[in-house]
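Scroll down for the structure; my scribbles are underneath it.
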Amino acid sequence: MTPMFFVMAILGCGDGNTECTEARIVPARYATMAQCRAALPDQLARNTDVPFPMIGADCRRSGAQIVKTDAATPKG
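Numbering (numbering that gives the first Met the number 0), first residue to last: 0 to 75.
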């Protein structure tokens with residue numbers, strides 16, 4: 000199974016941070032959400048070339064994720 004990790008999406012936004020869309024995914028992987036968030040200022044500074052009036056970033060989970068289901072659900 001592939002381990003879970005975090006990636007950073009660079010977002011391009013209209014004026015006033017509205018109508019944001021994903022412009023690119025930063026190629027780095029982060030082991031924790033805290034590491035990803037700590038890298039936000041540096042990665043925003045490196046990705047100013049997106050063709051939008053404003054840019055932002057968002058840390059997201061990636062990789063394998065396990066979903067817990069309730070096996071004891073009553074059958075109707």
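Every residue, glycine too, gets a C-beta built ideally from N, C-alpha and C.
Where residue i falls, given that 16 or more other Cβ within 10 Å makes a residue buried
i, result
"Met32", "exposed"
"Gly3", "Just to set this straight, residue 3 is Met in the shown sequence, not Gly. Exposed, by the Cβ-count rule."
"Ile24", "exposed"
Nearest-angstrom Cβ-Cβ length linking residue i and residue j, presumed shorter than 8 Å
i, j, result
"Arg28", "Val6", "6 Å"
Residue i to residue j span [Cα, whole Å]
i, j, result
"Gly11", "Gly62", "24 Å"
"Thr108", "Gln34", "Limits of the chain in this structure are 0 at one end and 75 at the other, which puts residue 108 out of reach."
"Arg60", "Asp48", "24 Å"
Other residues of its chain near residue i: CB distance less than 8 Å, five sequence neighbours each side excluded
i, result
"Pro52", "Cys12, Gly13 and Asp14"
"Ile54", "Ile9, Leu10, Gly11, Cys12, Ala22, Leu43, Asn46 and Thr47"
Proximal residues to residue i (C-beta, below 7 Å), its chain only, five neighbours per side dropped
i, result
"Ala56", "Met7, Ala8, Ile9, Leu10, Leu39, Gln42 and Leu43"
"Glu21", "Ala8 and Leu10"
Close-in-space but distant-in-sequence residues of the same chain around residue i (CB under 6 Å, 5 per side omitted)
i, result
"Pro26", "none"
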